[in-house]
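So in the working numbering, spot 251 of the sequence shown is number 257, and the numbers just go up one at a time.
What follows is a single structure, written as structure tokens, with notes after it.
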Amino acid sequence: MGSRFVGSQAVVRRALICQMGHGVSVSISRKWLVMSICLLLLSLSLGITTQAMANDKGPLIAAAANVKLVLDKIIADYHNDTGANVRVSYGSSGNFVAQIQQGAPYELILSADEFYVNKLAALGLIQGQGRIYAIGRLALVAPHHSPMSLDADLHGLKQLLATGGLTHFAIANPKHAPYGERAVEVLTASGNWPQIKHKLILGENVSQALQFALSGSTQGGIVALSLAQHAEFKEHGRYIALPETWHQPLKQRMALIKHASIQAKDFYEYLLLPSTQQTFTEFGFAAAVTGDN
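Printed below as a string of structure tokens:
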């Protein structure tokens with residue numbers, strides 16, 4: 007873990023609960039609602055709403071929103087290679103855990119970090135401990151018209167805050183979205199948290215946070231690199247990858263639910279194949295490290 011990271015994951019979680027109660031913005035203006043309509047096509051392509059494959063056959067997967075672009079490609083490859091289908095819903099990892107606890111019929115969960123899968127393991131709801139399937143990364147993004155300059159050290163963000171030029175900034179809700187939690191770690195480690203915490207617009211998941219960041223009512227945001235690299239993103243904004251030393255690793259863990267079918271297990275193994283891991287790297291992830299599993 008990099009020396010620039012400050013504080014532990016548990017401390018950040020506790021701090022967030024306090025900060026959310028003291029002015030972190032979760033409301034969205036009427037102006038934003040109008041402007042967000044202009045991004046409808048982008049939001050659909052990035053899976054802001056929960057989606058599933060059109061067919062009604064195959065195991066149902068719960069997947070973190072940040073893997074939508076790569077997982078859609080992998081599912082298509084899997085179907086071409088095997089003839090088998092899977093269905094998928096995209097959303098925030100924390101919300102999926104709550105749904106699984108309530109009996110939702112998912113057979114496999116692909117989380118955006120390890121915490122939520124470990125929680126399911128402690129509850130006895132999954133098979134074993136699961137496996138790390140990818141390592142996520144963060145990106146600082148801004149719409150083309152934003153006055154914020156992008157740099158990996160966040161000097162441009164700090165300068166815009168100091169001059170009063172930043173009014174709103176988008177991240178995923180850190181209460182249940184790991185990419186939002188890591189965004190807070192970045193803002194804390196870079197010294198920007200005290201100035202920016204009351205200017206946040208929180209997305210339900212990281213895909214929605216990207217929509218907010220490009221809506222025209224914010225000057226930017228911190229989202230998943232895998233989404234910012236999407237070709238359609240370039241029409242609406244710009245991005246820069248953030249150093250992994252700013253935050254704890256985004257080790258994305260997956261696990262089979264207790265009642266998972268043979269078909270779900272087959273797809274689980276498919277995700278760990280070298281060819282599939284290469285697909286993850288092509289979409290901005292680091293490949294899973296066998297020793298970390």
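We treat Cβ as the ideally placed atom computed from N, Cα and C, and that holds for glycine.
Tell me whether Lys264 is buried or exposed, calling it buried when 16 or more other Cβ atoms sit within 10 Å of its Cβ.
As a first step, residue 264 is located in the sequence shown; it is residue number 258 there, counting from the start. So Lys264 ends up on the exposed side.
Under the DSSP definition of a beta bridge, which residues are partnered with Arg137?
Here residue 137 corresponds to residue number 131 of the sequence shown, with the count starting at 1. Looking at the DSSP assignment, Arg137 forms a beta bridge with Met260.
Just to check my reading of the structure: Phe175 and Gly227 have Cβ atoms closer than 8 Å, yes? What is that Cβ distance to the nearest angstrom?
The count along the sequence shown starts at 1 and reaches residue 175 at position 169. The count along the sequence shown starts at 1 and reaches residue 227 at position 221. Distance from Phe175 to Gly227 at the Cβ level is roughly 6 Å; contact confirmed, criterion being Cβ atoms closer than 8 Å.
How far does the beta strand (DSSP E) with Phe286 in it extend, from its first residue to its last?
In the sequence shown, residue 286 corresponds to position 280, counting from 1. No beta strand (DSSP E) holds Phe286; the alpha helix (DSSP H) holding it covers 280 to 288.
Would you call the CB atoms of Gly243 and His150 closer than 8 Å?
Along the sequence shown, read from residue 1 onward, the residue named residue 243 stands at position 237. Along the sequence shown, read from residue 1 onward, the residue named residue 150 stands at position 144. For Gly243 and His150, yes; Cβs fall inside 8 Å.
Would Ala266 and Gln133 be called neighbours here (beta carbons separated by less than 8 Å)?
Stepping through the sequence shown from its first residue, residue 266 is reached at position 260. Stepping through the sequence shown from its first residue, residue 133 is reached at position 127. In this structure, Gln133 lies closer than 8 Å to Ala266 by Cβ.
Give every residue of the same chain whose Cβ lies closer than 7 Å to the Cβ of Phe286, excluding the five residues on either side of it in the sequence, and list them in chain order.
As a working mapping, residue 286 is identified with position 280 in the sequence shown. For Phe286, where only same-chain residues beyond five positions count, the Cβ hits under 7 Å are Val76, Ala140, Ala293.
Ser95 by DSSP, collapsed to three states: which one?
As a first step, residue 95 must be located in the sequence shown, where it is residue number 89. Ser95: strand per DSSP, three-state reduction.
In whole angstroms, what separates the C-alpha of Gly97 from that of His253?
Reading the sequence shown from its first residue, position 91 is the one you call residue 97. Reading the sequence shown from its first residue, position 247 is the one you call residue 253. Going from the Cα of Gly97 to the Cα of His253 covers about 22 Å.
If I follow the unbroken beta strand (DSSP E) through Ile115, where does it start and stop?
Walking along the sequence shown from the start, residue 115 turns up at place 109. It spans 114 to 116 - the beta strand (DSSP E) in which Ile115 sits, taken as one unbroken run.
Pro200, buried or exposed, once every other Cβ within 10 Å from all chains shown has been counted against 16:
Residue numbering aside, residue 200 sits at position 194 when the sequence shown is read from its first letter. Pro200 should be labelled exposed.
Entirely within the stretch 147 to 181 and at least 3 residues each: give me those beta strand (DSSP E) ranges in chain order.
If we require 3 residues or more, the beta strand (DSSP E) runs fully inside the stretch 147 to 181 come out as 175 to 178.
Specify, as a first and last residue, the run of the alpha helix (DSSP H) that Ile80 falls within.
Counting from 1 along the sequence shown, the entry for residue 80 is found at position 74. Run containing Ile80: 74 to 88, per the alpha helix (DSSP H) assignment.
6 Å CB neighbourhood of Ala178 in its chain, flanking five on each side removed
By 1-based counting over the sequence shown, the position of residue 178 is 172. For Ala178, where only same-chain residues beyond five positions count, the Cβ hits under 6 Å are Tyr185, Gly186, Gly209, Asn211, Val212, Ala215.
In terms of alpha-carbon separation, which member of Lys63, Asn124, Ala82 lies closest to Thr282?
To locate residue 282, count along the sequence shown from 1; it is residue 276. Cα-wise, what sits closest to Thr282 is Ala82.
Nearest-angstrom Cα separation, counted from Tyr245 out to Phe273
Walking along the sequence shown from the start, residue 273 turns up at place 267. Walking along the sequence shown from the start, residue 245 turns up at place 239. For Phe273 and Tyr245, the distance between alpha carbons rounds to 32 Å.
Please state the DSSP three-state secondary structure of Arg143.
Against the sequence shown, residue 143 aligns to sequence position 137. Residue state, collapsed to three classes: coil.
If you pair each beta-carbon of the stretch 234 to 242 with each one of the stretch 162 to 171, do three or more pairs fall below 8 Å?
no
Element boundaries [beta strand (DSSP E), containing Leu66]:
Reading the sequence shown from its first residue, position 60 is the one you call residue 66. Leu66 -> beta strand (DSSP E) spans 66 to 70.
Would you say Pro153 touches the ligand FAD, meaning its beta carbon is less than 7 Å from a heavy atom?
For the ligand FAD, the structure offers nothing, since it holds no ligand at all.
C-alpha distance - Leu277 paired with Val92, whole-angstrom precision
As a working mapping, residue 277 is identified with position 271 in the sequence shown. As a working mapping, residue 92 is identified with position 86 in the sequence shown. Near 13 Å, if we compare the C-alpha coordinates of Val92 and Leu277.
Is DSSP giving Leu131 helix, strand or coil here?
Position 125 of the sequence shown holds residue 131. It is coil, neither helix nor strand.
Simplified DSSP assignment, three categories, for Gly186:
Locating residue 186 in the sequence shown gives position 180, where the first residue counts as 1. Residue state, collapsed to three classes: helix.
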